[in-house]
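Written below as structure tokens is the structure these notes are about.
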Amino acid sequence: MIAWVCPDCGRRYAYEIDLCMACRSQVEETNPSRGAVVAVTRVDTPSRGHEDVPYWTALVRSTHGLQAIVKFDHAVDVGEPIVFEPAERAASLARVGVIGTGVMGRGLAELLLSRGHQVIWCGRTTEALDDAKARLLERLARVMDSAEVRVAESRIAVSAKYEVLGECDVVIEAVVEETAPKQAVLREAERHMRDDAILATNTSGLSLDELSAELHRPHLFGALHFFNPATRMRLVETALCARTSQQTGDYLDAFSRSLGKIPVRVSATPAFAVNRALMPLLNEAVRELEDGVASAEHIDEAIRLGLNHPMGPLALADLIGLDVVVRIMDNLVQRTGDSTYAPRPLLMRLVAEGKLGRKTKEGFYDY
Amino acid sequence: MAAFVVGAGKTRFAPTTKGLVHLAAEAIDAALVDAELTYADLGAVIVANFVGGPNQGQLHLNSVMAGLFPGLHAPSWRTEAACASGGVAVHQAILALEAYDPILVIGVEKMSDVATTSLTANIGMAGDAMLDQAAGLTFPASYALVAQVHMACYGTTTRDFELVSLKNHANARLNPLAQFHHKDVCQADIDAGPTVAAPLRLFDCCPVSDGAAAVILSKRPRGERSVAVLGTAVATDAISLSQRESHTSFAATKIAAERAYAMAGVSSREIDFAEVHDCFTIAELVAMEDLGFCAPGEASALVREGVTLREGRLPINAGGGLKAGGHAIGATGVGQIYELCQQIRGEAGARQLTVTGVGLSQNVGGVGGTCAVHILGGAS
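Chains as they are written, first to last, in this note's numbering: chain V, 3 to 369; chain S, 76 to 455.
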């Protein structure tokens, strides 16, 4: 909250000016830090710059009687006291590297572009990158006009060589969900990054200590687990490894918030909080299908309506990718020693047949 | 000051494939025919348009519209005051009659060809980009805050908003130029509407419309169908709610109304019917209070008693208002003048009211940032 007040006549201006419009005295800037909510509305309709709904917009009055409109990502009540914090700008203008051209790599690139970031996008081959970029621009064209798409396009740079990551403030790795390839990519990325840049992995729950074992700057490393589709899902699980610094953790949270996400800190345990609860549900739905409890459609419909989930577990598995689901389950078995997490035979069979869900147009459903 | 509306024309307000100029031409033609004039008779042309810049990438509309009048070369300009562009343009025309006579005011807007998120952002340009828009205060959110304070202060309920919506939708069924002319809106539709910004739901909000309206003003009446302008006034206020003391009332409306009543020599009690700026249902309640139709906080009582229905003592938005008639932004204020004229001349067809001696229009830009009030009466 900021206002310019005339010391002589007390008139208040919401805009930066030099002289009071009435008495021509030099106005003084004032920044009250405390106030209370006068009125609030929960907004359910997205608009440009406010894509994530719901959010809450409130009219707030300071102890000095100054007023401001303030946005919140959580509900506030009339009368609730508010402390204004200085805006966190550091995270908002970052140049961000994304490694990986899969579903999550593309989703992250789209999210970052829609939030105004510069994106340096690395992948294994130029062909894969060009293809991923074309698909991303196609998606953007559905929600932006052509001029906006051109601006977004000018903010992406793609490269199969990691040298370009030297320009980044943050790099998010989103390659295949297996320890060895992730280790190799993280090591290579770190080699080219600035020595104060932050490196994050989008792992859904591999061991962070293993992933960071060979890093030279593990204090600048942590996990930002985004959910698919990254542009729409508001949760980011933040997990830190034993050697991650406090500042890196704070930065990762602030960075998530600057993207309109809500970070939740979880400890670096297998599959974190969400997937550890989700995988047994998906697996059990597959077992229901194996046991002939109902058709895939009916299992999904029952769970959608019965548990009030927006999407059934089999459709969700198809969306995530059955190969990814199997890898997460295998990893849970391996790291917990609990074989009840093991993927069901039907799931293994579909993956063996190359039916990986939506991305191959065939899984539990045809697309 | 002597001013008469000597001709009026309007297109339907509703999404259409017709472009900006095409829509304008239709309304202008209707107004010229109504006035029994040709464009060669025009002394000046004022174009009211809000969002053609960002929507169509088209500014300098006075010169664009000159293409409709080959050889005229009349003085002409574009007026922009957000959703009050039309009302402010009519006010300017009345003042300018000293220099030019007759004057055509053409209000026009094209919105349906723009993607919703872009359109919301473009309409948001009527708010303060820094103080309001950056904090997510879209227009529905602005009026939602007003509604929240009004409810807390006066005990107004969402049921009162629903009654306004139901009334205006019922009125639109009688108006062939209304956007919702062909659609019955009942309680079940309202109940099914999602929340836009609490407490406002879908059927508390006016729709996205294309459309144009034109009026021709002159110092002298042209026959018995001319309608006298008794009062005209414009007032403004800082746009951001954060710069206002009251959030249940718009000072711009109150002040414009006082001036217009004084000029017309009438009081609020002498108004027979009104077209008010119900971009959101709460706005109709606030307008009733600010225009002096009742004391602050009492609008909902009038609505509950049916006073503002077609059959009531003070019919409001008998043409469907912005809510159900459509809100082709730059055209809205001009369309209100058209509606007053149709009623006063007894030419409103199925929606004709019985007592239409003196009518009032209230056209608001932003959340009470600009307000134009006109009082018309007595076919000459």
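By construction, the Cβ of each residue, glycine as well, lies at the ideal position given by its N, Cα and C atoms.
Query: Kindly list, in the order they appear in chain V, the residues whose Cβ is closer than 8 angstroms to that of residue 322(S).; Result: 40, 41, 61
Query: I'd like the span of the alpha helix (DSSP H) that includes residue 196(V), first residue to last.; Result: Premise fails: residue 196(V) is in no alpha helix (DSSP H) and is neither H nor E.
Query: Please report the straight-line C-alpha distance between residue 304(S) and residue 351(S), rounded to a whole angstrom.; Result: 17 angstroms
Query: Indicate, with yes or no, if the ligand NAP has a heavy atom lying under 7 angstroms from the CB of residue 81(S).; Result: The ligand content of the structure shown is nil, which means the ligand NAP is not present either.
Query: Please confirm whether residue 72(V) and residue 80(V) have their CB atoms less than 8 angstroms apart.; Result: no
Query: Cβ atoms of residue 180(S) and residue 263(S): under 8 angstroms apart, would you say?; Result: no
Query: What residue range does the beta strand (DSSP E) around residue 229(V) cover?; Result: No beta strand (DSSP E) holds residue 229(V); DSSP gives it neither H nor E.
Query: Between the Cα of residue 275(V) and the Cα atoms of 237(V), 141(V), 254(V), 300(V), which residue gives the shortest distance?; Result: 237(V)
Query: Would the beta-carbon of residue 290(S) fall within 8 angstroms of that of residue 82(S)?; Result: yes
Query: Could you give the residue range of the alpha helix (DSSP H) that holds residue 166(V)?; Result: Per DSSP, residue 166(V) belongs to no alpha helix (DSSP H) and is neither H nor E.
Query: Could you tell me whether the Cβ of residue 89(V) comes closer than 8 angstroms to any Cβ of chain S?; Result: Reliability fails at residue 89(V), whose pLDDT of 44 lies under 50, so the model's placement of it is uncertain and the value that follows must be treated cautiously. False, the Cβ-Cβ gap to chain S never drops below 8 angstroms.
Query: Which residue marks the beginning of the alpha helix (DSSP H) containing residue 416(S), and which one marks its end?; Result: 404 to 419
Query: Who are the near neighbours of residue 369(S) in its chain, counting only those whose CB is closer than 8 angstroms to its CB and skipping five residues on each side?; Result: 363, 376, 377
Query: Quick check on the burial criterion: 16 or more other C-beta atoms within 10 angstroms. Buried or exposed for residue 113(V)?; Result: buried
Query: Mind reading off the beta-carbon distance from residue 158(S) to residue 328(S)? Whole number of angstroms is fine, and I expect it under 8 angstroms.; Result: Contact flag wrong, Cβ pair sits at about 13 angstroms.
Query: Apply the 10 Å Cβ neighbour rule to residue 330(V) and answer buried if 16 or more other Cβ atoms are within range, or exposed otherwise.; Result: buried
Query: Cβ of residue 207(S) less than 8 angstroms from any chain V Cβ?; Result: yes
Query: Using a Cβ-Cβ distance under 8 angstroms, would residue 396(S) count as near chain V?; Result: no
Query: Helix, strand or coil for residue 184(V), going by three-state DSSP, please let me know.; Result: helix
Query: Consider the Cβ of residue 133(S): report whether some Cβ of chain B lies at a distance smaller than 8 angstroms.; Result: Of the protein chains in this structure, namely V and S, none is chain B.
Query: Helix, strand or coil for residue 228(S) per DSSP?; Result: helix
Query: Cβ closer than 8 angstroms: which chain S residues qualify as neighbours of residue 47(V)?; Result: 195, 213, 215, 271, 272
Query: Does residue 77(V) come within less than 8 angstroms of chain S when only Cβ atoms are used?; Result: no
Query: Looking at the C-beta of residue 69(V), does it have a partner C-beta in chain S at a distance below 8 angstroms?; Result: yes
Query: Just mark residue 191(S) as buried or exposed, buried being the case when its beta carbon has 16 or more other beta carbons within 10 Å.; Result: exposed
Query: Compare the Cα-Cα distances from residue 325(V) to each of 246(V), 353(V), 302(V) and report the closest residue.; Result: 353(V)
Query: Pick helix, strand or coil for residue 261(V), following the three-state DSSP scheme.; Result: coil
Query: Does the Cβ of residue 251(S) have 16 or more other Cβ atoms within 10 Å, making it buried, or fewer, making it exposed?; Result: exposed
Query: Would residue 224(S) count as contacting chain V if we go by Cβ distances under 8 angstroms?; Result: yes
Query: Using DSSP with H/G/I as helix, E/B as strand and the rest coil, what is residue 188(S)?; Result: coil
Query: From residue 24(V) to residue 236(S), what distance separates their C-alpha atoms?; Result: 41 angstroms
Query: Using CA atoms only, rank isn't needed, just tell me which of 421(S), 431(S), 403(S), 405(S) is closest to residue 391(S).; Result: 431(S)
Query: Can you list, in chain order, the stretches of the alpha helix (DSSP H) that have 4 or more residues and sit fully within the region 246 to 322 of chain S?; Result: 262 to 267
Query: What do you reckon, are the CB atoms on residue 331(S) and residue 310(S) nearer than 8 angstroms?; Result: yes
Query: Please decide whether residue 327(S) counts as near chain V, where near means a Cβ-Cβ distance under 8 angstroms.; Result: no
Query: From residue 292(V) to residue 348(V), what distance separates their C-alpha atoms?; Result: 7 angstroms
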